[in-house]
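Read the structure below first, then the notes.
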Amino acid sequence: MEIGAKVERVDGRKLSYADFVDRYLKNNLPVVLTDLMDGWQACTDWVTADGRPNIRFFADHFGKSMVQVADCCKRVFTDQKRVEMSVSEYTDYWLSISSTKCNKVANSNGGTESLLYLKDWHFVKEYPDYIAYTTPSFFVDDWLNLYLDSHRLHRDSDITQDKNETNCADYRFVYIGVKGTWTPLHADVFRSYSWSANVCGKKLWLLLPPSQCHLIFDRYQKSSVYDVYADISEKKFPGFKKAVWWECTQEQNEIIFVPSGWYHQVHNLEDTISINHNWFNGYNLYWVWNLLVKDYTEAKEYIEDIREICDDFESICQRNLAANTGMNFYDFFVFISRFALANLVLLRDLKNVESVVSHLRSTAFNALNNIRAIHLVASSMGSVEAFAEENLNSCSEENRIAYSEVKRIMEDLDFHDLCATLRVTLRAVCEGLHDYNVEIRPEKIDLAISSDFKIGNPLELVKLIQNAFPDQFNILNACNIGFS
Ligand SMILES: O=C(O)CCC(=O)C(=O)O
Ligand SMILES: [Fe+2]
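At position 76 of the sequence shown the residue is numbered 76 (the UniProt record's numbering), and the sequence of numbers has no breaks.
Laid out in structure tokens, this is it:
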């Protein structure tokens, strides 16, 4: 395996938000940020005096929680075998293997042993009053978790019933793994960004830029390599040897930013506790849409032969897409429609504020940037079959109600919550922008949101956005300048 680059390491206290955006978000490049975890409760409560996981603290305080645990020695299709157990069962396991000091043996014992890794624990959702950490300002512009605080990703009852509710609760996780546990090669859900903070322990990351990701797939571009350290058949994966990897050893109190679409494999080199979020915003929204299009196309090809005998072919495709990818076109459309409206409402309200101080200007700038990103994605959604008149009946009633009538959305209490959290979020983002000279003056923006408007499809959302800025549509284009 060729390692071609090391991930850059930067002191987070010396990096401005604008620089983070310019260097890493816009270029979609990874970085390790140091010195951002001072004062986190997790760094005190979850770590012993000698810097190891304070596993008894979890047993004592969170023992009853039910969590997903992966067995790193057992592969099931593209992932590790998962079992559900309580935190106290996991901590019992942890204490039993560390007392016999057999982690290494467990790892190499011919596959009969298991090596358990507690993963994807929705800790914040489960313990909202215990403030284990605060999200660093670089990562607060997080539309995914912001939305999920007031909305569900799916509204169709048949999909939500299938899924464990906490599964789609949010994308804020805690991971706890003994030395030797690992995560197979993957790209993140929705092709979102992730950030991952080591509360204690050490991780080895191997990352592959999106431009090279075709190299880790088989010749049909269907299945990808599971473990980069395994003996990879050149016949099956002809490109694998050509891949040039980025490497990073992440120490305690360091946070790695993983950009969109980078495949990565992760190994816990020590007993490790980490906190991670998946997130997306205006800078990678099109990654999410592109993934949905790709997965939709595959889902459709897969069942193409039954098209003729189905009345509701499109809705089966959308159902499969939601089940496999985590959301479908309609879920995504509800998401961007509501987000666009929330940003417009925020802008409109800012206009009414008398004293236009600089942070309000940068809030306006951010909201405009968000709207611009949504406008771009909605424009490219316009032509998809799923939104053609004859297919709109494959969109569930729940979804249609959620996006169509602007008046109804504006009266929806969940939407009010979304607006309120968006305001707080943009405010927090703007604190990092104080030295940035923003040209936008919200009081000059003539904004009209007609509440009798109906959003029937993506092109109507585009129209709504354009109509909202009657004479100043160029304002949306001007935001292209971004932070540079
Ligand atoms: O820490 C791990 O084992 C995996 C983390 C990961 O894949 C991520 O943060 O995207
Ligand atoms: Fe990941």
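The beta-carbon is built from N, C-alpha and C at its ideal position, and this holds for glycine as well.
| Asked | Found |
| --- | --- |
| Simplified DSSP state of residue 4, which is helix, strand or coil | strand |
| Pairwise C-alpha distance: residue 98 and residue 105 | Note on residue 105: pLDDT 45, under 50, position unreliable in the model; the coordinate value appears next. Going from the Cα of residue 105 to the Cα of residue 98 covers about 12 Å. |
| Closest Cα partner of residue 55 within the set 9, 281, 175, 171 | 175 |
| Where residue 86 sits in the DSSP three-state scheme | strand |
| Rounded Cβ spacing between residue 458 and residue 365 (contact assumed at less than 8 Å) | At roughly 25 Å, the Cβ-Cβ gap does not stay under 8 Å, so residue 458 and residue 365 are not in contact. |
| Whether residue 260 touches residue 192 by CB criterion (8 Å) | yes |
| Local Cβ density within 10 Å of residue 464, reported as buried at 16 or more and exposed below that | buried |
| Supposed contact pair residue 285 and residue 377 - C-beta distance, whole angstroms, cut 8 Å | 5 Å |
| Endpoints, alpha helix (DSSP H) assigned at residue 315 | 313-325 |
| Contacting residues, own chain, Cβ-Cβ under 6 Å from residue 481 (five flanking each side not counted) | Its pLDDT being 39, under 50, residue 481 is placed unreliably by the model, and nothing is read from it. |
| Close-in-space but distant-in-sequence residues of the same chain around residue 13 (CB under 7 Å, 5 per side omitted) | 35 |
| Ranges of the alpha helix (DSSP H) found wholly within the region 225-305, counting only runs of at least 4 | 285-302 |
| Host alpha helix (DSSP H) of residue 419 (start-end) | 413-431 |
| Pairwise C-alpha distance: residue 87 and residue 166 | Its pLDDT being 48, under 50, residue 166 is placed unreliably in this model, and the value from its coordinates should be taken loosely. Distance between the alpha carbons of residue 166 and residue 87 is about 16 Å. |
| Own chain partners of residue 207 with C-beta closer than 8 Å, once the 5 adjacent residues on each side are dropped | 7, 30, 245, 246, 247, 248, 258, 262, 263, 264 |
| Which listed residue (114, 270, 170) has its alpha carbon closest to that of residue 154 | 170 |
| C-beta contact flag for residue 215 and residue 240 at 8 Å | yes |
| Best match in 201, 182, 210 for proximity to residue 228 [C-alpha to C-alpha] | 182 |
| Pairwise C-alpha distance: residue 17 and residue 141 | 11 Å |
| CB contact flag (residue 449, residue 468, <8 Å) | yes |
| Proximity test, residue 188 beta-carbon vs ligand 2 heavy atom, cut-off 7 Å | yes |
| Nearest-angstrom Cα separation, counted from residue 10 out to residue 197 | 14 Å |
| Alpha-carbon spacing of residue 380 relative to residue 37, whole angstroms | 39 Å |
| Environment of residue 77 [buried if 16+ CB atoms lie within 10 Å] | exposed |
| Residue 405 - DSSP class collapsed to helix/strand/coil | strand |
| Coarse secondary structure for residue 173, derived from DSSP in three states | strand |
| Beta-carbon proximity list for residue 125, same chain, < 6 Å, skipping 5 on both sides | 169, 170 |
| Spatial distance of residue 415 from residue 128 (CA atoms) | 21 Å |
| Simplified DSSP assignment, three categories, for residue 64 | coil |
| Near ligand 1: residue 276 beta-carbon under 7 Å from a heavy atom | yes |
| Residues bridged to residue 53 [DSSP beta-bridge criterion] | 47 |
| Sub-8 Å separation of residue 447 and residue 348 beta-carbons | yes |
| Bridge partners - residue 198, DSSP secondary structure assignment | 274 |
| Assigned secondary structure, residue 468 (DSSP; H/G/I helix, E/B strand, else coil) | helix |
| Contacting residues, own chain, Cβ-Cβ under 6 Å from residue 283 (five flanking each side not counted) | 25 |
| Terminal residues of the alpha helix (DSSP H) in which residue 117 lies | No alpha helix (DSSP H) contains residue 117, which is instead part of the beta strand (DSSP E) from 116-121. |
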